[in-house]
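See structure below.
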Amino acid sequence: QKEVEQDPGPLSVPEGAIVSLNCTYSNSAFQYFMWYRQYSRKGPELLMYTYSSGNKEDGRFTAQVDKSSKYISLFIRDSQPSDSATYLCGGSNSGYALNFGKGTSLLVTP
Amino acid sequence: DGGITQSPKYLFRKEGQNVTLSCEQNLNHDAMYWYRQDPGQGLRLIYYSQIVNDFQKGDIAEGYSVSREKKESFPLTVTSAQKNPTAFYLCASKGPEAGYTFGSGTRLTVV
Numbered sequence: 001q002k003e004v005e006q007d008p009g010p011l012s013v014p015e016g017a018i019v020s021l022n023c024t025y026s027n028s029a030f031q032y033f034m035w036y037r038q039y040s041r042k043g044p045e046l047l048m049y050t051y052s053s054g055n056k057e058d059g060r061f062t063a064q065v066d067k068s069s070k071y072i073s074l075f076i077r078d079s080q081p082s083d084s085a086t087y088l089c090g091g092s093n094s095g096y097a098l099n100f101g102k103g104t105s106l107l108v109t110p
Numbered sequence: 111d112g113g114i115t116q117s118p119k120y121l122f123r124k125e126g127q128n129v130t131l132s133c134e135q136n137l138n139h140d141a142m143y144w145y146r147q148d149p150g151q152g153l154r155l156i157y158y159s160q161i162v163n164d165f166q167k168g169d170i171a172e173g174y175s176v177s178r179e180k181k182e183s184f185p186l187t188v189t190s191a192q193k194n195p196t197a198f199y200l201c202a203s204k205g206p207e208a209g210y211t212f213g214s215g216t217r218l219t220v221v
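Chains as they are written, first to last, in the working numbering: chain B, 1 to 110; chain H, 111 to 221.
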């Protein structure tokens, strides 16, 4: 079993919709959680970085971590066609490498 | 600007040949990582290094080798023992506080 599970999608939404992307993880030692956006044939770029449980907001993006249920979420408000990409979630504990989910493919249609 | 540079962007390997992928960072990060990405597989960890002259195997290290002689550099060699090397290879680094920073990747194809 992978330590981080993520529905690969694809997920298709109309422009302006609220997008909810989710992951579950199994390693209770994870303390750091990250969301990356990856466009086709490019390297992943960091969207959100959170430590432990709680919410973090940055513009149209909100990341949530619930350590009690081992659940990670990313919400995108007012989605745009430029948000169409693959979104990768990941978790790690201090000093260890980041474990990734398989990524969710998102398509925002005009 | 600080960042990670991977080269080459595209690489072709013949059967039985070793090839080396370059990864250089000017972020002054101690930790560096190599991931492999295949369609539908997500990112899988090959090797990582938390400090110069030290590195550890990841989940899929067989057929790969690395070195970490300088803080800035973490090259990955894909050896002839790696039977299915065609993939997108990503190098990353991490500082003490921030998330991981990735390079733009090297696409390796066996010909």
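Yeah, the Cβ is synthetic: ideal placement off N, Cα and C, and Gly gets one too. Predicted model only: the values in this text are computed from it and were never measured.
On the DSSP letters alone, give me the boundaries of the beta strand (DSSP E) that S26(B) sits inside. No beta strand (DSSP E) contains S26(B), which DSSP labels as neither H nor E.
Measuring only between beta-carbons, confirm whether G59(B) sits less than 8 Å from chain H. no
Can you find at least 3 beta carbon pairs, one from the segment 205-212 of chain H and one from the segment 39-50 of chain B, that sit closer than 8 Å? With the cut-off at 8 Å, the segment 205-212 of chain H and the segment 39-50 of chain B touch.
Delimiting residues of the beta strand (DSSP E) encompassing Y87(B): Y87(B) -> beta strand (DSSP E) spans A85 to S92.
Nearest-angstrom Cα separation, counted from F75(B) out to M34(B): Rounded to the nearest angstrom, the two C-alpha atoms are 13 Å apart.
Would you list the residues sitting across from Q146(H) in a DSSP beta bridge? For clarity, residue 146(H) is Arg in the given sequence; the question names Gln instead. In DSSP, R146(H) forms a bridge with R154(H) and Y199(H).
Assuming A63(B) is part of the beta strand (DSSP E), what are its boundary residues? F61 to D66
When V108(B), S94(B), Y87(B) and G54(B) are compared against G150(H), the one with the closest alpha-carbon: The shortest Cα separation from G150(H) among V108(B), S94(B), Y87(B) and G54(B) belongs to Y87(B).
Under 8 Å, do Q38(B) and G103(B) count as touching if we go by C-beta distance? yes
Within-8 Å CB hit, L98(B) to chain H: yes
My output table needs one value for S177(H): the three-state DSSP class, helix, strand or coil. coil
T219(H) - partner residues in DSSP beta bridges: F122(H)
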